[in-house]
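Since the structure comes first, as structure tokens, the remarks are kept for the end.
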Amino acid sequence: MYNLVMKDIKLGVHPLFFAMPLLTGALMLIPGWIYFIVLLYFCWITVPNMFNQFRSQNDLMFTSMMPVTKRDIVRARVTVVAGLELLHIGIAMVFGLVTLRIYPNFDYYFFPPNLGFWGLCFVMLAIFNLIFIPMYYKTAYKIGAAILYSITAAMLFAGVVQWIGIQSPVLSGIFYGTDANSRVIQTCILIAGIAIFFALTAIAYRIGVKRFLQVEIQ
181 MYNLVMKDIK LGVHPLFFAM PLLTGALMLI PGWIYFIVLL YFCWITVPNM
231 FNQFRSQNDL MFTSMMPVTK RDIVRARVTV VAGLELLHIG IAMVFGLVTL
281 RIYPNFDYYF FPPNLGFWGL CFVMLAIFNL IFIPMYYKTA YKIGAAILYS
331 ITAAMLFAGV VQWIGIQSPV LSGIFYGTDA NSRVIQTCIL IAGIAIFFAL
381 TAIAYRIGVK RFLQVEIQ
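So, in structure tokens, the structure goes:
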């Protein structure tokens with residue numbers, strides 16, 4: 181498993197993609213920005229380029245000749261994707277903490293980078309994985325439709341929850357609040373978001389395996 185993960189990283193993950201979390205994470209320092217976009221860059225840039233790189237390297241044929249199962253192939257690839265997502269969100273959270281320190285009294289229109297917001301980010305990435313991974317492994321080759329639908333779903337989620345957060349006084353009080361009660365609720369949202377991320381990613385992996393088992397590698 182470790183060797184498969186390292187193979188995927190060396191063949192498909194350009195060194196620039198490890199710098200991307202720092203480059204996009206720095207955008208968290210812009211006060212009042214739409215911070216969902218920071219993580220959507222991963223969906224827009226890293227994933228399409230990474231999977232196109234795998235295809236150009238004929239990685240599927242190469243990996244199929246190794247003494248590994250199809251289940252292992254999917255598990256390694258999902259591990260790489262989820263690991264990069266966690267790297268992006270972890271670094272973005274650090275920049276978010278810096279932003280809150282620099283602008284403690286800033287009047288945010290869009291969600292501030294607090295714990296509740298990061299919980300929503302975990303859910304957004306979980307939705308992306310739940311759609312992208314099963315769709316991709318229906319062929320294990322074509323990526324266009326999988327990227328289109330998964331990014332659209334992630335953006336719709338971000339847009340809807342942001343709109344509700346602005347329009348609903350209750351949710352606005354939760355996500356924009358700085359009192360002790362709001363912080364407790366925001367922490368609970370973060371924990372729930374992390375749980376949803378791992379649960380939906382695991383479901384996406386299982387569906388991806390079932391579909392990949394039906395694919396005939398040529």
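Mind the numbering: the sequence shown is residues 181 to 398 in the working numbering, read in order. In this text, a Cβ means the ideal position worked out from N, Cα and C, and glycines have one as well.
Checklist line | C-beta atoms of residue 389 and residue 227 nearer than 8 Å | finding: no
Notebook entry, point to check: Expressed to the nearest angstrom, what Euclidean distance is found between the alpha-carbon atoms of residue 244 and residue 368?
Noted result: 43 Å
Item checked: Of the residues 385, 315, 265, 377, the one placed nearest residue 199, counting alpha carbons only -> 265
Notebook entry, point to check: Which whole-angstrom value describes the C-beta separation of residue 345 and residue 351, a residue pair presumed to lie in contact below a C-beta threshold of 8 Å?
Noted result: The C-beta distance from residue 345 to residue 351 rounds to 5 Å, short enough to meet the 8 Å contact threshold.
Check: Cα-Cα, which of 185, 328, 235, 209 is closest to residue 256?
Finding: 185
Notebook entry, point to check: Starting from residue 194 and walking both ways along the alpha helix (DSSP H), at which residues does that stretch end?
Noted result: Unbroken run through residue 194: none, as it is neither H nor E.
Note to self: Assess contact between the stretch 201-211 and the stretch 317-333, defined as three or more Cβ pairs (one per stretch) separated by less than 8 Å. Is contact present?
What the structure shows: no
Checklist line | Opening and closing residue of the alpha helix (DSSP H) in which residue 390 lies | finding: For residue 390, the enclosing alpha helix (DSSP H) stretches over residues 360-392.
Checklist line | Range covered by the alpha helix (DSSP H) that runs through residue 301 | finding: 295-316
Check: Whose C-beta lies closer than 6 Å to the C-beta of residue 392 among residues of the same chain, with five residues either side of it excluded?
Finding: Taken in chain order, the residues that qualify are 250, 254, 317, 320.
Next item on the list: Determine the extent of the alpha helix (DSSP H) in which residue 247 is found, giving its start and end residues.
Entry: From DSSP, residue 247 is part of no alpha helix (DSSP H); its letter is neither H nor E.
Note to self: Taking the beta carbon of residue 294 as the centre, do at least 16 other beta carbons fall within 10 Å, making it buried, or is it exposed?
What the structure shows: Counting Cβ neighbours within 10 Å, residue 294 comes out buried, since at least 16 surround it.
Next item on the list: Could you check the C-alpha separation between residue 342 and residue 219 for me, to the nearest Å?
Entry: 15 Å
Check: Smallest Cα separation from residue 258: which of 363, 288, 230, 349?
Finding: 230
Next item on the list: For residue 299, I'd like the list of residues in its chain whose CB is within less than 7 Å of its CB, leaving aside the five on either flank, ordered along the chain.
Entry: 369, 370, 372, 373
Check: Which stretch, first to last residue, makes up the alpha helix (DSSP H) that contains residue 347?
Finding: Start and end: 324-347.
Notebook entry, point to check: For the stretch 199-263, which segments carrying the beta strand (DSSP E) assignment without a break, of at least 3 residues, lie completely within its bounds, in sequence order?
Noted result: Qualifying beta strand (DSSP E) stretches: none in this window.
Checklist line | Per-residue burial, residue 181 [other beta carbons within 10 Å of its own, 16 or more giving buried] | finding: exposed
Notebook entry, point to check: Are the Cβ atoms of residue 314 and residue 384 separated by less than 8 Å?
Noted result: yes
Next item on the list: Would you kindly check if the distance between the Cβ of residue 275 and the Cβ of residue 377 is under 8 Å?
Entry: Not closer than 8 Å, so no.
Item checked: Cβ-based neighbour list, residue 338, same chain, cut-off 6 Å, excluding 5 preceding and 5 following -> 216, 304
Notebook entry, point to check: What is the C-beta distance between residue 290 and residue 357, in whole angstroms, given that I count them as a contact (C-beta under 8 Å)?
Noted result: Rounded to whole angstroms, the Cβ separation of residue 290 and residue 357 is 15 Å, and the two are not in contact under 8 Å.
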